[in-house]
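Student:
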Amino acid sequence: MIRKHALDGNSLTVMSLFREMLALPNYNTTLLDDPFIYASLVKACNKVRAIREGKSVHCHVTRRHLDCNVYVLNSLVYFYSNSAGLVAYAREMFDRMPERTVVTVNCMVSGYVNSGVFDAGLGLFVQVLRGCFGWSVKPNCVTLVILISGCVECGWYRAGGVLHCYCCKTRLDLNKEVRNVLIDFYANIGCVDDSATMFNHMPEKDLVSWNTMMAGYFKNNDYRKDDHVILSNILAEAGKWDDVLRQRNLMIVQDASKVAGKSSHVQLWYHEAHGHDFVLAYVPRFQRFLRRQVLLSHFDRGLIHVAGTILHL
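Read in the numbering used here, the sequence shown has 275 at position 219, and its numbers run on one by one without any break.
(1) Starting from Met-149, trace the alpha helix (DSSP H) in both directions and tell me its first and last residue.
(2) Check whether the stretch 179–198 and the stretch 206–216 are in contact - that is, three or more C-beta pairs closer than 8 Å.
(3) What's the gap between the Cα of Asp-333 and the Cα of Trp-266?
(4) By the DSSP assignment, the alpha helix (DSSP H) with Val-50 in it spans what residues?
(5) Have a look at Lys-99 and Leu-88 and give me their C-alpha separation to the nearest angstrom.
(6) Using the three-state DSSP reduction, which class does Thr-157 fall into: helix, strand or coil?
(7) List the endpoints of the continuous alpha helix (DSSP H) containing Arg-120.
(8) How big is the Cα-Cα spacing for Arg-59 and Leu-132?
(9) Here's the rule I'm using: 16 or more other beta-carbon atoms within 10 Å means buried, otherwise exposed. How should Glu-148 be labelled?
(10) Output the distance between the C-alpha atoms of Ser-137 and Cys-224, rounded to the nearest integer angstrom.
(11) Taking the continuous alpha helix (DSSP H) assigned at Lys-232, which residues delimit it?
(12) For Tyr-242 and Val-198, I'd like the C-alpha separation in whole angstroms.
(13) Quick check on the DSSP output: the alpha helix (DSSP H) that includes Cys-207 runs from which residue to which?
(14) Return the residue from the list Val-128, Leu-203, Lys-232 that minimises the CA-CA distance to Leu-219.
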């Protein structure tokens with residue numbers, strides 16, 4: 057039950073169940089030897105920023121001699137470095153761990169970035185590349201997403217370019233999440249054309265990709281008229297007329313209107329399980345083959361029930 061509620065994000069219920077279990081007069085002590093229960097408890101404390109309860113769970117971990125379990129320690133390292141703000145203590149735990157995985161490294165790097173000490177996170181990344189934690193521990197796409205996003209937050213723009221080179225060398229730049237964060241990185245440093253180049257060469261785009269690229273244009277005052285038209289039509293189809301009016305007024309202020317010959321399609325579909333319309337794809341009109349591939353892919357996976365509306369923009 058504890059693990060189930062933790063996965064569902066019911067952090068307060070998780071803590072309540074654990075207290076009830078400890079209060080039982082004849083509870084099964086073997087339950088307290090399950091490391092996954094403690095990992096779930098620490099994650100629950102992390103979500104609600106329950107510092108005192110998290111430290112209490114750590115005490116239980118020590119009493120049950122589970123402080124050598126990698127899953128429990130990973131959750132504790134993340135808790136102390138991200139929620140409790142005790143990044144130095146988290147690093148002490150990290151250094152004492154008998155076994156480290158890439159998840160452990162990612163937890164520690166995330167703590168450094170969120171605490172504003174990006175140089176320490178980058179230094180840990182370099183240690184991993186040098187094999188300081190064993191050659192089996194290698195950076196993955198999550199590591200790069202954390203570091204590249206940290207380059208923007210902490211102003212380490214040159215480091216972002218170096219990390220991009222590493223992504224290209226290891227082919228991690230083919231990962232969708234890495235490509236999305238790189239698009240955001242270049243847009244944030246004013247290189248929106250580089251963002252657009254990466255976006256246009258993406259083999260597969262998701263909603264995050266489109267939102268990131270559009271946000272990049274707005275950040276750089278590079279307003280694309282088609283985006284205003286698309287957004288206003290989507291809002292109208294959803295019946296959000298106040299938002300439509302607000303968007304239309306913004307278009308008038310910025311003198312945005314539909315340009316002849318620059319049409320796009322937004323495909324809206326109805327999904328029986330969801331019970332509402334959703335945007336399937338935003339595909340330029342001339343990319344008919346791409347639109348066909350998107351539709352076939354969603355039909356094959358059972359994501360489409362019946363066609364709803366095709367907006368011609």
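In this text, a Cβ means the ideal position worked out from N, Cα and C, and glycines have one as well.
Tutor: For this structure:
(1) For the purposes of this step, residue 149 is taken as the residue at position 93 of the sequence shown. Judged by DSSP secondary structure, Met-149 falls within the alpha helix (DSSP H) whose first and last residues are 143–152.
(2) No, the stretch 179–198 is not in contact with the stretch 206–216.
(3) Along the sequence shown, read from residue 1 onward, the residue named residue 333 stands at position 277. Along the sequence shown, read from residue 1 onward, the residue named residue 266 stands at position 210. Interpretation of Asp-333 is limited by its pLDDT of 39, a score under 50 that renders its predicted location unreliable; no figure is taken from the coordinates.
(4) Lying outside 57 to 369, the shown extent of the chain, residue 50 is not represented and no answer is given.
(5) As a working note, residue 99 is residue 43 in the sequence shown. As a working note, residue 88 is residue 32 in the sequence shown. Taking the straight line from one Cα to the other gives about 17 Å.
(6) Counting from 1 along the sequence shown, the entry for residue 157 is found at position 101. For Thr-157, the three-state secondary structure derived from DSSP is coil.
(7) By 1-based counting over the sequence shown, the position of residue 120 is 64. Careful: Arg-120 lies outside any alpha helix (DSSP H) and carries neither H nor E.
(8) One-based indexing of the sequence shown puts residue 59 at position 3. One-based indexing of the sequence shown puts residue 132 at position 76. Each residue's Cα considered, the two are about 16 Å apart.
(9) Working through the sequence shown from its first residue, we reach residue 148 at position 92. Exposed, by the Cβ-count rule.
(10) In the sequence shown, counting from the first residue as 1, residue 137 sits at position 81. In the sequence shown, counting from the first residue as 1, residue 224 sits at position 168. Whole-angstrom Cα-Cα distance: 29 Å.
(11) Here residue 232 is taken as the residue at index 176 of the sequence shown, counted from 1. Start and end: 232–244.
(12) By 1-based counting over the sequence shown, the position of residue 242 is 186. By 1-based counting over the sequence shown, the position of residue 198 is 142. C-alpha separation (whole angstroms): 18 Å.
(13) Start at 1 with the first residue of the sequence shown, and residue 207 comes out as number 151. 197–210 is the extent of the alpha helix (DSSP H) around Cys-207.
(14) Here residue 219 refers to the residue found at position 163 of the sequence shown. Among Val-128, Leu-203, Lys-232, the Cα nearest to that of Leu-219 belongs to Leu-203.
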